[in-house]
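Please read the structure below before turning to the comments.
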Amino acid sequence: MDVVLDNIDVYWEGMQVTAWLTVLSYAAAFVIGVAVAAFRVSPVPPLRLAGTAFVEVFRNIPLPVLIVVFFFGFPKIGIIYSPFISAVIVLAVYTGAFLGETIRAGINTVAKGQAEAARALGLTFPKTLRIIVLPQALRSVVQPMGNIFSALIRNSAIAYGISVVELTGATDRLNTDTAQPIPIFIGGAIAYLLLTLPTGYAIGVIERRVAFKR
Amino acid sequence: MTAPVLADELGPRGKRIVWIASAVSLIVLAALVAVAVQRFADKGQLDAEKWRLLGDPEVMQFLLGGLTTTLKIAVGGMVGALVLGVVLSLTRLSQSLPLRFLSRLYTEFFRGFPLLLLILFFFFGLPRLGIDWPRIWYMIVPLLLYNGAVIGELFRAGILSLDRGQSEAAYAVGLSYWQAMRIVILPQAVRRMIPAIVGQLVVLLKDTSLGFFVQFEELLRRAEITGRFGKNELQVFMVVAVVYMLVNMTLSQAARRLEVRQRRRYGAGGLAVAGVEDLAVVDAAAEAKVAGPKA
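Heads up: the sequence lines are chains A and B, in that order. When we follow my numbering, the leftmost residue of the first sequence carries the number 152, and every step to the right adds one. When we follow my numbering, the leftmost residue of the second sequence carries the number 4, and every step to the right adds one.
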């Protein structure tokens with residue numbers, strides 16, 4: 152137990168890197184997700200096709216494969232970023248595909264009359280989406296979007312695969328240094344739970360906050 | 004591929020706008036592809052020899068061996084996860100408070116941190132404790148421990164989704180709790196959960212590639228070895244990515260088809276599931292079903 156308490160600062164550093172990875176890539180993933188969902192429900196066939204292709208490709212390729220292609224493969228065509236930025240980009244694209252699907256599901260829950268009324272008022276498709284449909288759609292998928300957020304906290308561990316020392320990396324290095332795997336790894340797992348459990352609670356609060364009173 | 008928002012027929016002006024937007028977006032998409040291809044060509048990544056090496060029988064055999072290992076881990080992990088999942092769901096629904104608590108604790112714990120952490124523990128922690136298994140088990144066991152928790156939740160949802168009349172009827176004909184579970188409830192619950200289980204297989208298959216980070220020779224690691232050897236990393240990685248994609252798409256397709264069949268058979272009773280991200284949805288659906296009759 153002492154070995155965990157002695158190294159609490161190492162865990163803390165790791166938690167901060169994990170938090171940054173998660174927050175930055177989720178923000179980017181949200182933009183990607185909204186764009187993909189909008190593409191997929193748009194009346195423009197090439198955009199719908201592009202949206203579907205994006206989701207199918209990035210949902211079916213494992214995250215480690217994506218990061219390996221990006222970090223070890225893409226430098227060959229001149230695309231070179233630091234490990235941290237690479238991890239954020241890959242996590243954002245991967246998570247963006249899942250968010251896109253979720254937001255699209257949310258759009259499907261919005262009553263059709265809403266879009267019809269918007270059109271009757273003369274709103275264009277982008278305006279209908281932005282002013283009428285999306286605000287309602289996003290509220291209905293807070294819970295699944297939150298689940299994707301906590302999945303992202305866990306997925307961000309793959310950044311360690313390209314030498315970003317986040318929480319998993321910090322734990323692994325402590326194991327190498329101290330040779331006491333059981334307390335060290337349990338400490339790491341608990342540190343993750345300290346990140347994921349409050350997230351679950353926060354999602355519940357947000358969900359109640361943004362819910363429509365019907 | 005449906006367009007739920009603007010499903011109704013467009014007028015002549017709307018049609019014109021869509022036509023123009025289609026043309027513009029096609030040009031933009033084509034330009035993006037052209038830039039990418041140009042990039043590859045400029046850096047000599049389209050050279051035939053970089054790709055030809057992939058057709059070499061020995062290279063192919065090496066990669067196929069990696070794919071076999073990947074499938075082996077995924078299936079092994081799945082079988083273990085199914086057994087563990089049944090145990091977890093039964094204890095979670097049992098009458099005993101400590102058992103319920105332990106089951107819940109296990110599930111929350113193992114779903115709360117990255118699988119990679121568990122894999123690192125098995126590869127670099129266990130050997131320090133004097134445990135020496137064949138390396139493939141260091142992949143299979145973490146996968147089954149984590150996915151057992153996920154499958155347990157799926158089973159629980161499946162059991163809860165059954166009509167209460169099933170267990171009532173089972174008790175009425177004199178079956179004990181365990182007999183009712185074994186003969187009446189579980190077979191139906193498992194059958195209902197088959198599409199979800201196939202869907203989860205996709206997640207498992209994707210997770211096997213974490214083995215790359217611990218030097219375990221599954222498909223991705225073998226791709227890297229091939230690429231280093233042939234100086235064609237990018238090409239091998241891209242081909243392997245497509246292989247993963249095809250296998251997973253086939254599985255997802257199968258899951259979807261099973262789900263449709265299921266829904267036709269059981270009506271709304273069949274639960275729609277598609278992986279961990281949607282687990283909360285199943286959960287909510289099951290809770291609603293339980294809470295329903297009481298409210």
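Backbone N, C-alpha and C fix where the C-beta goes; we use that ideal spot for every residue, glycine too.
Determine, for residue i, whether the minimum Cβ-Cβ distance to residues of chain B falls below 8 Å.
i         : result
Leu344(A) : yes
Glu207(A) : yes
Pro197(A) : yes
Arg359(A) : no
Ile229(A) : Sequence inspection shows Gly at residue 229(A); the Ile mentioned does not correspond to that position. Yes, its Cβ sits closer than 8 Å to a Cβ of chain B.
Gly165(A) : no
Gly184(A) : no
Leu271(A) : Residue identity check: residue 271(A) is Ala in the sequence provided, not Leu. Not closer than 8 Å to any Cβ of chain B, the Cβ of Ala271(A) fails to qualify, so no.
Pro215(A) : yes
Ile212(A) : yes
Gly339(A) : yes
Ala353(A) : no
Gly247(A) : no
Buried or exposed: where does residue i fall if 16 or more other Cβ atoms within 10 Å of its Cβ makes it buried?
i         : result
Phe363(A) : exposed
Lys234(B) : exposed
Gly273(B) : At Gly273(B) the pLDDT is 48, less than 50, meaning the model places this residue with poor confidence; the figure from the coordinates comes in the next sentence. Buried.
Arg167(B) : exposed
Gln48(B)  : buried
Glu156(B) : buried
Met142(B) : buried
Met63(B)  : exposed
Thr211(B) : buried
Val276(B) : Low confidence applies to Val276(B): its pLDDT is 48, below 50, so where it sits in the model is not reliable, and the reading given next is rough at best. Buried, since its Cβ has 16 or more Cβ neighbours within 10 Å.
Tyr180(B) : exposed
Val356(A) : exposed
Arg225(B) : buried
Phe232(B) : exposed
Glu3(B)   : What is shown of chain B runs 4 to 298, which leaves residue 3(B) out entirely.
Ile299(A) : buried
Gly317(A) : The residue asked about is misnamed: residue 317(A) is Glu in this sequence, not Gly. The residue is buried, with at least 16 neighbouring Cβ atoms inside 10 Å.
Arg360(A) : exposed
Arg267(B) : exposed
Ser319(A) : Per the sequence presented here, residue 319(A) reads as Thr, with Ser not at that position. With 16 or more other Cβ atoms within 10 Å, it is buried.
Gly133(B) : exposed
Pro101(B) : exposed
Ile159(A) : exposed
Pop quiz: residue i and residue j are said to be a contact at Cβ under 8 Å. What is the actual Cβ separation, rounded to whole angstroms?
i         : j         : result
Val206(A) : Gly251(A) : 6 Å
Val205(B) : Leu254(B) : 5 Å
Gly151(B) : Leu91(B)  : 6 Å
Gln331(A) : Val154(A) : 5 Å
Val310(B) : Leu57(B)  : No information on residue 310(B) is available, as it lies outside the stretch 4 to 298 that chain B covers here.
Pro137(B) : Ile122(B) : 15 Å between Cβ atoms; not a contact.
Leu35(B)  : Lys227(A) : About 19 Å; that fails the 8 Å criterion.
Ala366(A) : Ile254(A) : The question about residue 366(A) has no answer, for chain A in this structure spans 152 to 365.
Leu120(B) : Gly339(A) : 6 Å
Pro234(A) : Ser314(A) : 5 Å
Can you find a CB in chain A that lies within less than 8 Å of the CB of residue i?
i         : result
Met142(B) : no
Ala244(B) : yes
Leu49(B)  : no
Phe127(B) : yes
Tyr174(B) : no
Gly272(B) : Residue confidence for Gly272(B) is low, a pLDDT of 49 falling below 50, so the modelled location carries little weight; the figure read from the coordinates is stated next. So, not an interface residue.
Glu156(B) : no
Phe43(B)  : yes
Ser212(B) : yes
Ala24(B)  : yes
Ser28(B)  : yes
Val21(B)  : yes
So with CB distances below 9 Å, who are the chain A contacts of residue i?
i         : result
Pro15(B)  : Result: empty, since nearest Cβ-Cβ is about 14 Å, beyond 9 Å.
Arg107(B) : Chain A residues near Arg107(B): none, gap ~13 Å exceeds 9 Å.
Glu262(B) : None at all; the shortest Cβ gap to chain A is about 15 Å.
Lys46(B)  : Lys227, Ile228 and Gly229
Arg131(B) : Asn326, Ala330, Gln331 and Pro332
Lys75(B)  : Under the 9 Å cutoff, chain A gives no residues; its nearest Cβ is about 16 Å from Lys75(B).
Glu227(B) : Val219 and Phe223
Report the neighbours of residue i on chain B: residues whose CB is nearer than 8 Å to its CB, in chain order.
i         : result
Tyr311(A) : Leu119 and Phe216
Can you name the residues of chain B whose CB is closer than 9 Å to the CB of residue i?
i         : result
Asn158(A) : By Cβ distance, chain B contributes nothing, its closest Cβ being about 15 Å from Asn158(A), past 9 Å.
Ala179(A) : Near Ala179(A) there are no residues of chain B at all, since even the closest Cβ is about 18 Å away, more than 9 Å.
Listing by chain order, which chain A residues have their CB less than 8 Å from the CB of residue i?
i         : result
Leu123(B) : Thr319, Thr322, Asp323, Asn326 and Phe336
Met252(B) : Glu207 and Asn211
Under 7 Å between beta-carbons, which chain B residues line up against residue i? List them in chain order, please.
i         : result
Thr347(A) : Gly115
Ala308(A) : Pro117, Leu119 and Leu120
Arg290(A) : Simply none; closest approach about 16 Å.
What residues from chain A crowd round residue i, counting only those whose CB sits closer than 7 Å?
i         : result
Leu223(B) : Pro215, Val216 and Val219
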